[in-house]
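So the structure is just underneath, and the comments pick up after that.
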Amino acid sequence: MNLSVNLPGLSLKNPVMPASGCFGFGKEFAQFYDLEELGAVIMKAATGSQRFGNATPRVAETASGMLNAIGLQNPGVDQIITDEVPFLKERQVPIIANVAGSTVEEYVTVTGKISEHVDAIELNISCPNVKEGGVQFGTDATLAAEVTAEVVSASHVPVYVKLSPNVTDIVEMAQAVESAGASGLSMVNTLTGMRINPKTRKPIIANGTGGLSGAAIKPISIRMIHQVYQAVDLPIIGMGGIESADDVIEYLLAGANAVAIGSANFKNPFICKEIIDELPETLEKYGFSKIDDVIGGAHIEKDPTHLLRS
Amino acid sequence: MNLSVNLPGLSLKNPVMPASGCFGFGKEFAQFYDLEELGAVIMKAATGSQRFGNATPRVAETASGMLNAIGLQNPGVDQIITDEVPFLKERQVPIIANVAGSTVEEYVTVTGKISEHVDAIELNISCPNVKEGGVQFGTDATLAAEVTAEVVSASHVPVYVKLSPNVTDIVEMAQAVESAGASGLSMVNTLTGMRINPKTRKPIIANGTGGLSGAAIKPISIRMIHQVYQAVDLPIIGMGGIESADDVIEYLLAGANAVAIGSANFKNPFICKEIIDELPETLEKYGFSKIDDVIGGAHIEKDPTHLLRS
Amino acid sequence: MNRESMTILHHERIAKDTYQLVLKGKLVDQIEDPGQFVHLLIDGFYLRRPVSIADYDKSSGTVTLLYKVLGEGTKALTRKSVGEQLDVLGPGGQGFPLKSIQTQRALIIGGGIGIPPLYSLAKHLHNQGVTIISVLGFQSMDDAFLVDEFEKFGEVYITTDDGSLGRKGLVTDPLSELEGTFDTYFTCGPTPMLKAVSERLSDIPGYISMEERMGCGIGACFACVVESPDKKGYRRICCDGPVFRSEEVVLS
Amino acid sequence: MNRESMTILHHERIAKDTYQLVLKGKLVDQIEDPGQFVHLLIDGFYLRRPVSIADYDKSSGTVTLLYKVLGEGTKALTRKSVGEQLDVLGPGGQGFPLKSIQTQRALIIGGGIGIPPLYSLAKHLHNQGVTIISVLGFQSMDDAFLVDEFEKFGEVYITTDDGSLGRKGLVTDPLSELEGTFDTYFTCGPTPMLKAVSERLSDIPGYISMEERMGCGIGACFACVVESPDKKGYRRICCDGPVFRSEEVVLS
Ligand SMILES: Cc1cc2nc3c(=O)[nH]c(=O)nc-3n(C[C@H](O)[C@H](O)[C@H](O)COP(=O)(O)OP(=O)(O)OC[C@H]3O[C@@H](n4cnc5c(N)ncnc54)[C@H](O)[C@@H]3O)c2cc1C
Ligand SMILES: Cc1cc2nc3c(=O)[nH]c(=O)nc-3n(C[C@H](O)[C@H](O)[C@H](O)COP(=O)(O)OP(=O)(O)OC[C@H]3O[C@@H](n4cnc5c(N)ncnc54)[C@H](O)[C@@H]3O)c2cc1C
Ligand SMILES: Cc1cc2nc3c(=O)[nH]c(=O)nc-3n(C[C@H](O)[C@H](O)[C@H](O)COP(=O)(O)O)c2cc1C
Ligand SMILES: Cc1cc2nc3c(=O)[nH]c(=O)nc-3n(C[C@H](O)[C@H](O)[C@H](O)COP(=O)(O)O)c2cc1C
Ligand code: FES
Ligand code: FES
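Residue numbers (UniProt numbering), protein chains in the order written: chain V, 1 to 310; chain W, 1 to 310; chain C, 1 to 252; chain L, 1 to 252.
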């Protein structure tokens with residue numbers, strides 16, 4: 001079955017890619033399978049200069065999920081371009097760079113540099129784990145539009161804006177970045193959460209709060225994508241708790257054009273490959289003959305009566 | 001061990017109560033244990049007149065949680081007062097009425113009537129499952145303050161405002177209802193979510209979206225209570241995913257003064273009683289000698305070094 | 001109703017994706033009528049699964065369930081072995097009210113995994129000397145179960161979607177030729193089938209057993225309501241049902 | 001490194017809250033050095049649990065783990081029975097670099113559940129003819145394990161928090177009297193202990209094995225970093241460690 005999906009700047013052989021921050025720059029996972037099996041690779045966040053991130057512990061377990069507060073640790077954009085991108089470039093797989101920053105200037109600088117080496121930018125205005133920048137841009141529509149517009153004009157490739165779910169009105173955010181020139185959306189980043197250890201009486205994560213990811217957040221992300229699909233005209237990379245080919249179908253039906261898999265890579269380093277392998281028979285099981293027929297399927301008013309009984 | 005907690009209008013023998021909508025009006029659970037074991041009972045939402053609620057299916061399962069869109073089905077405030085409250089009144093247990101509505105007038109009418117028969121009002125401005133009213137009040141600070149002020153002046157008993165987690169800034173909401181005269185907060189209601197059935201290609205819940213509850217949302221609720229505890233001076237009834245005495249401690253440490261248990265009653269109808277029974281030894285295990293010492297414990301700067309090693 | 005950790009005595013595949021599960025425990029004592037259900041907690045799943053009581057024996061304290069694998073929960077249930085424990089809440093709901101049912105000739109109409117509660121009913125009616133005719137519908141021969149057992153109680157008509165067993169068609173097909181041979185009907189199956197059956201037999205007293213997604217399973221959450229044509233306006237399937245007189249509910 | 005469904009050959013309580021688990025599978029072949037770890041997926045838990053390899057035997061394809069029940073995950077692990085499968089990712093990380101370690105007289109300092117990786121190390125060093133002195137610390141006598149095994153390799157000093165076994169005190173207490181008897185030290189235990197030991201023995205070559213909460217366990221997520229005093233600024237415990245030369249990391 002043909003699994004290909006075409007998005008601005010991205011010609012994907014299948015709609016599955018690893019999510020930013022959960023796959024490093026690919027090297028560690030290349031020992032498990034050939035990265036060319038992937039639809040694309042989304043790299044770990046890049047900032048203007050090297051960052052060391054937050055104090056440890058940086059992760060905590062939750063029911064069907066986890067919290068993380070890595071704090072954007074990364075070697076900085078220049079070193080990413082020289083030391084990390086070439087490894088991915090050697091492979092036939094589209095590369096998406098996740099761009100983060102504390103100021104509009106930093107976003108613009110990083111985008112200007114890295115967009116010469118990748119196929120698309122994922123603009124991370126939604127990282128809840130750094131003190132300045134990051135999440136403010138992602139929870140204020142005016143700021144979001146501003147940074148999007150600047151980054152779009154600095155970029156040599158299409159820009160997908162990664163939305164934060166920590167907002168009252170996700171549609172407002174999506175519309176703001178759409179009018180600012182985004183080519184697509186990436187939905188969603190983590191929900192801000194906390195766990196407290198009754199033994200120490202303190203938050204488990206040294207940073208206090210962390211971002212909640214994993215199966216626990218899937219219904220929230222599905223809801224937001226379902227809402228945004230009706231309100232904007234941009235393609236959506238959906239993510240949040242994907243663990244199976246059925247989950248991929250659920251995201252596509254809600255309105256995602258492709259999906260990213262994050263924390264599930266930690267449970268099972270083969271997860272992306274396994275899901276890609278299962279997709280054809282899963283599509284067939286539900287009566288689909290290509291990916292395009294699934295996208296937005298939950299919005300089609302016609303009742304597929306013959307499918308209603310299992 | 002003394003488990004009692006005193007809150008405006010509520011003298012609780014222990015800090016554990018069932019959450020609104022998950023315990024009906026108590027009758028069904030009275031077959032499992034004596035309701036007098038509970039700290040209090042929060043009743044199902046009351047509206048001005050009878051409501052039949054949403055189409056079915058009204059619930060869907062999620063990873064470590066569930067979605068519901070009951071749609072405030074209830075017999076209306078008058079019938080609740082005549083047919084339901086007396087059963088609870090016969091027991092030595094404080095009663096909290098959950099008040100819902102589509103308009104400020106409806107909230108005020110319901111409160112005026114039912115507050116003569118109960119110990120406190122839980123003002124539900126956060127129900128995501130009805131078309132009008134409900135959640136708009138809970139996501140707009142100005143509207144929230146307005147309805148709170150009106151309800152407070154109509155009420156004969158203290159008013160706890162139940163906050164929605166579907167907001168960008170929970171502190172702003174808490175402060176708004178604090179200045180409008182709320183006596184306490186109830187945190188949090190459900191997060192809006194959706195699940196799609198790949199077989200039917202439609203949302204599982206007839207209403208489309210539903211409210212996410214259960215263990216999945218605990219880290220989000222804990223984070224919000226931790227934030228709000230630092231910013232307002234109101235007592236907090238904490239809820240969201242509580243399933244064990246350890247979870248109760250986590251909520252109290254974050255800043256809750258008491259807790260409510262919702263969906264876990266469906267898994268185990270004895271859950272409230274079992275947790276109450278386990279609380280004394282759990283408190284002891286973590287070195288506490290009374291509930292008051294736990295409340296807000298995560299905010300105390302002094303490092304309890306002797307506790308750091310397990 | 002109670003919550004009990006019951007022991008698995010027997011667990012066996014009896015048809016395509018269909019399993020028989022025999023549990024032992026004290027709550028069997030509280031079963032009042034055929035058609036009641038138990039609510040099973042399966043490790044790793046948040047909500048309980050309602051499953052009808054297909055048979056029970058108070059003297060040995062055992063209850064028999066028949067379930068079909070339809071999703072992840074029932075799939076996980078198949079992995080439970082004899083000797084293991086299962087967290088069961090029950091018995092729940094109102095079954096077929098044996099004491100008040102006045103029937104001499106009963107027509108039983110069951111569709112697929114709606115058949116199990118009817119087995120227990122048929123067994124009771126048969127023991128009371130009632131004449132029983134059964135119409136059982138399956139997707140295909142591979143899905144069929146309990147056919148021999150129903151044949152012990154009387155005449156059995158089988159329909160399958162593909163004609164691989166009995167006649168090809170729906171359970172409503174044999175109804176015209178059966179006209180006049182029964183005084184009461186009893187049915188359980190998918191809602192569209194219940195609707196078709198009750199419309200077809202609208203002038204005959206009938207009892208239908210319904211399904212709906214549940215939250216609490218004990219009447220507290222209002223997840224499982226069905227419309228009723230009276231002033232109250234609704235019934236809760238988990239506690240007012242799952243068995244209703246046909247005129248008590250509005251099927252849609 | 002690989003992911004494998006390994007078979008439980010043996011599972012036994014060996015001390016208070018402490019269990020021995022023997023697994024069989026092909027990934028044992030890939031173990032390079034003592035001090036590496038495996039990452040266990042326990043049903044119902046989202047993150048894997050890192051557990052050190054306490055012993056392994058490539059000829060029989062078995063690996064021995066010793067773990068202590070500290071939370072819900074390890075508690076659930078105790079319920080797994082012989083014959084069941086366990087989802088294991090490993091072997092992970094860099095262990096004690098046997099080929100490059102130059103020692104004639106080794107001091108082994110282990111605290112509680114930090115002792116298991118040191119057992120495999122001591123066994124290897126002993127086989128190579130290295131003289132071994134061990135200092136093992138436990139909370140109390142009930143928590144002690146592997147003491148007899150370490151005694152086969154050489155002199156053993158035991159400390160307990162309550163004095164119920166060996167001398168009352170910390171593992172650092174015997175260090176002054178051992179001065180001059182060893183050329184290299186090897187330690188694993190809680191970070192405050194590692195800090196105390198490495199400060200005390202700052203002029204002697206040492207290897208320390210560290211713990212931190214992990215996400216991926218393979219070097220991709222940067223959950224498990226520890227500060228390093230060089231330009232790079234950090235090490236990842238899961239892949240650059242868990243074993244480090246004492247001067248390679250900054251303990252806090
Ligand atoms: C009163 C009653 C009696 C029943 N008796 C039987 C029986 O004897 N044998 C049998 O095989 N099945 C019976 N069912 C249906 C059975 O409950 C579902 O097939 C089962 O819950 C599906 O679970 P799953 O994990 O496989 O599916 P999933 O789709 O993974 O389940 C997800 C959620 O949806 C619920 N759900 C899905 N389908 C149904 C359904 N048809 N009815 C109610 N809830 C559903 C599940 O309980 C769960 O909460 C009965 C249902 C009811 C209400
Ligand atoms: C490299 C390494 C080797 C280890 N070797 C052993 C060993 O041989 N024997 C042994 O008993 N223990 C060992 N541990 C510690 C062991 O991983 C934890 O005790 C265990 O993860 C606790 O899980 P839990 O579910 O019981 O606790 P919970 O508190 O329920 O765990 C919650 C989360 O925190 C993590 N966590 C909690 N404590 C620790 C800890 N000390 N280190 C890392 N993660 C933690 C868990 O992995 C899980 O993700 C090792 C840890 C590391 C990093
Ligand atoms: C450990 C970790 C690190 C992450 N780092 C980043 C990051 O650098 N940039 C980013 O945009 N998102 C980051 N995310 C968010 C993920 O890309 C993804 O949006 C989120 O985890 C939801 O998907 P999941 O539930 O499949 O994990 C990170 C998530 C995790 C768990
Ligand atoms: C089936 C169901 C019905 C609910 N009905 C109400 C309600 O009527 N009023 C209200 O304020 N909250 C209602 N809630 C929300 C709960 O009171 C509670 O805030 C939420 O479920 C989080 O707690 P939990 O995770 O313990 O369930 C309902 C929740 C569920 C699951
Ligand atoms: S399932 Fe809760 S009322 Fe029926
Ligand atoms: S745990 Fe992910 S880098 Fe170490």
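Don't be surprised by glycine CBs; every beta carbon is placed ideally from N, CA and C.
My parser needs the beta strand (DSSP E) runs of 3 or more residues fully inside the segment 112-169 of chain V; what are they? 120-124 and 159-163
Assign Lys58 (chain L) to buried or exposed, taking buried as 16 or more other Cβ atoms, counted over all protein chains shown, within 10 Å of its Cβ. exposed
What separation, rounded to the nearest whole angstrom, lies between the Cα atoms of Thr62 (chain V) and Leu170 (chain C)? 48 Å
Among V:Asn197, V:Gln31, V:Ser153 and V:Asn74, nearest to Glu72 (chain L) - alpha-carbon criterion: V:Asn197
Among L:Arg105, L:Pro117 and L:Leu47, which has the Cα closest to the Cα of Phe96 (chain L)? In this structure, L:Pro117 is the residue among L:Arg105, L:Pro117 and L:Leu47 with its C-alpha nearest to the C-alpha of Phe96 (chain L).
Run the proximity test for Val41 (chain W): is its beta-carbon closer than 8 Å to any non-hydrogen atom belonging to ligand 4? Relative to ligand 4, Val41 (chain W) has its C-beta separated by 8 Å or more from all heavy atoms.
Determine which residues of the segment 47-68 of chain V have a Cβ less than 9 Å from any Cβ of chain L, and write them out in chain order. Gln50, Phe52, Gly53, Ala55, Thr56, Pro57, Arg58, Val59, Ala60, Glu61, Thr62, Ala63, Ser64, Gly65, Met66 and Asn68
At what residues does the alpha helix (DSSP H) containing Arg223 (chain V) begin and finish? Lys218 to Ala231
Contact criterion: CB-CB distance below 9 Å. Does Glu212 (chain L) meet it with respect to chain V? Closer than 9 Å to some Cβ of chain V, the Cβ of Glu212 (chain L) qualifies, so yes.
The segment 21-32 of chain W: which residues have C-beta closer than 9 Å to a C-beta of chain C, in chain order? Gly21, Cys22, Phe23, Gly24, Phe25, Gly26, Lys27, Glu28, Phe29, Gln31 and Phe32
Tell me the DSSP secondary structure of Leu113 (chain L) in three-state form. At residue 113 (chain L) the sequence reads Ile, which differs from the Leu that was named. Note: Ile113 (chain L) maps to helix in three-state DSSP.
Which of the three DSSP states, helix, strand or coil, is assigned to Ala245 (chain V)? helix
Give a yes or no on whether the C-beta atoms belonging to Met43 (chain V) and Glu84 (chain V) are separated by under 9 Å. yes
State yes or no: is the C-beta of Gly114 (chain C) within less than 9 Å of the C-beta of Pro190 (chain C)? yes
Below 8 Å on the Cβ atoms is my contact criterion, and I expect Thr111 (chain W) with Ile125 (chain W) to pass it. Report the Cβ-Cβ distance as a whole number of Å. That belief does not hold up - the Cβ atoms of Thr111 (chain W) and Ile125 (chain W) are roughly 12 Å apart, past 8 Å.
Burial state of Ser20 (chain W), where buried means 16 or more other Cβ atoms lie within 10 Å: buried
To the nearest angstrom, how far is it from the Cα of Gly180 (chain C) to the Cα of Tyr207 (chain C)? 17 Å
Short-range partners of chain L found in the segment 216-242 of chain V, where Cβ spacing is below 8 Å: Listed by position, the residues of the segment 216-242 of chain V near chain L (Cβ gap below 8 Å) amount to none.
Any heavy atom of ligand 1 inside 8 Å of the beta-carbon of Pro116 (chain C)? yes
Give the range of the alpha helix (DSSP H) segment to which Thr213 (chain L) is assigned. In the sequence as presented, Thr is not what sits at residue 213 (chain L); that position holds Arg. Here Arg213 (chain L) belongs to no alpha helix (DSSP H), and DSSP marks it neither H nor E.
When the Cα atoms are used, what is the spatial distance from Met6 (chain C) to Cys238 (chain C)? 21 Å
CA-CA distance, Ala144 (chain W) and Met187 (chain V)? 29 Å
Is the segment 86-105 of chain V in contact with the segment 60-74 of chain L, if contact means three or more CB pairs nearer than 8 Å? no
Selection from C:Thr184, C:Gln139 and C:Gln104 that minimises the alpha carbon distance to Arg167 (chain C): Looking at C:Thr184, C:Gln139 and C:Gln104, the one whose alpha-carbon comes closest to that of Arg167 (chain C) is C:Gln139.
From the DSSP output, in three-state form, read off Pro269 (chain V) for me. coil
Kindly indicate if chain V contains any beta-carbon less than 9 Å away from that of Ile218 (chain L). yes
beta-carbon Ile218 (chain L) near ligand 6 non-hydrogen atom, thresh 8 Å: yes
Counting along the chain, where does the alpha helix (DSSP H) carrying Phe29 (chain W) start and finish? Lys27 to Ala30
Determine the burial state of Asp33 (chain C): buried for a count of at least 16 other Cβ atoms within 10 Å of its Cβ, exposed for fewer. buried
Going by DSSP, which residues form a beta bridge with His10 (chain L)? Answer by DSSP bridge pairing, in chain order: L:Val22.
Can Ala223 (chain C) be considered in contact with ligand 5, in the sense that its beta carbon sits closer than 8 Å to one or more heavy atoms? yes
Give the residues of chain V in contact with Tyr286 (chain W), contact being defined as C-beta atoms less than 7 Å apart. Pro198 and Lys199
Cα-Cα separation, Ile158 (chain L) to Thr18 (chain L): 18 Å
Using 10 angstroms around the beta-carbon of Thr190 (chain V), count the other beta-carbons present and answer buried if the total reaches 16, otherwise exposed. buried
Counting along the chain, where does the beta strand (DSSP E) carrying Thr64 (chain C) start and finish? Per DSSP, Thr64 (chain C) belongs to the beta strand (DSSP E) from Thr62 to Lys68.
Given 8 Å as the limit, tell me if Phe25 (chain W) has its C-beta closer than that to any heavy atom belonging to ligand 1. no
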